[in-house]
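Student: Here the sequence shown stands for residues 0 to 200, numbered as in numbering that gives the first Met the number 0.
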Amino acid sequence: MTSRNIVFLSQIYIVMKRILLTLVLAFGLFSVSQAQFLSDVADMKGKTVIGGNFGLGVGGRNFSLTVAPQIGYRVRNAIELGGRLSYSLSAYFDAQYGNSSLHCFGAGPYATIQIYKGLSVHVEDEVLYCLQRFNHQTVTARDKWYNSVFVGGGYKSYFSDNTFAFILILYNLSWDYQELHQHGSPYSSPVQIRVGYCFGL
């Protein structure tokens, strides 16, 4: 087995652990809030839906931040069309060799279709512009546009007729292992997990 395969398998293992941990935490959160799994969903046809997700990570010398608001419209109760903005920061601090950071911001349209009591499929076409800095100097190889097409599914847990939490597990069809190391992707893994909250107007 080549070193490339070993690295790839180790990344898959890490991703699977993250998926399991996220699922446990998310459904634990839903249970605490007394949301019943696979309960009847509220009728939100004709409503504007506002919300999104937020992420924060700190570990050792690493720091990460994600802010992603979204707005959609329920064309039908089961069909939501909308757009999502995104900003993410990944930073690494090293007093000896220097600090580095990667800022990515962009937007993309999405479509979500509920198929059964909160279970849904999701499609999204995201465009990001990323800026990489090393000791406050530009790293021009990474300053460019990236396009990611996500497909996947998730679950929406309704707390009332106008509010719900969601979890999405998405696969990036545009992700490529080789391109990652040639600055062809801003994501370190093809699998992305989102947990967020929305309310209807």
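We treat Cβ as the ideally placed atom computed from N, Cα and C, and that holds for glycine.
Can you tell me whether DSSP reads V40 as helix, strand or coil?
Tutor: The answer is coil: DSSP assigns V40 none of H, G, I, E or B.
Student: Comparing alpha-carbon positions, which option in L169, K155, K44 and D93 lies nearest S147?
Tutor: The option with the nearest alpha carbon to S147 is L169.
Student: Can you tell which of G152, D142, G54 and S63 has the C-alpha that lies nearest to the C-alpha of N171?
Tutor: Minimum Cα distance to N171 is reached at G152.
Student: For R75, count neighbouring C-beta atoms within 10 Å of its own C-beta (all shown protein chains included) and say buried if the count is 16 or more, exposed if not.
Tutor: When all chains shown are included, R75 counts as exposed.
Student: Is the beta carbon of Q113 sitting closer than 8 angstroms to the one on V194?
Tutor: Going by C-beta atoms, Q113 is not nearer than 8 angstroms to V194.
Student: Quick check on this structure: which residue in L80, W174 and L88 has the alpha carbon closest to the alpha carbon of E53?
Tutor: A small fix is needed here, since residue 53 is Phe in this sequence, not Glu. Comparing Cα-Cα distances from F53 to each of L80, W174 and L88, the minimum goes to L88.
Student: Starting from H102, trace the beta strand (DSSP E) in both directions and tell me its first and last residue.
Tutor: Taken as a continuous stretch (DSSP letters only), the beta strand (DSSP E) holding H102 covers S99 to Y115.
Student: I'd like to know if the region 156-164 and the region 86-101 are in contact, where contact means that at least 3 CB-CB pairs between them fall below 8 angstroms.
Tutor: No: the two stretches stay apart, fewer than three of their Cβ pairs being nearer than 8 angstroms.
Student: Contact defined as beta carbons within less than 8 angstroms: I believe C197 pairs with F149. What is the distance between those atoms, to the nearest angstrom?
Tutor: Incorrect: roughly 17 angstroms between the Cβ atoms, too far for contact.
Student: Helix, strand or coil for H121? Go by DSSP, reduced to three states.
Tutor: Correct three-state label for H121: strand.
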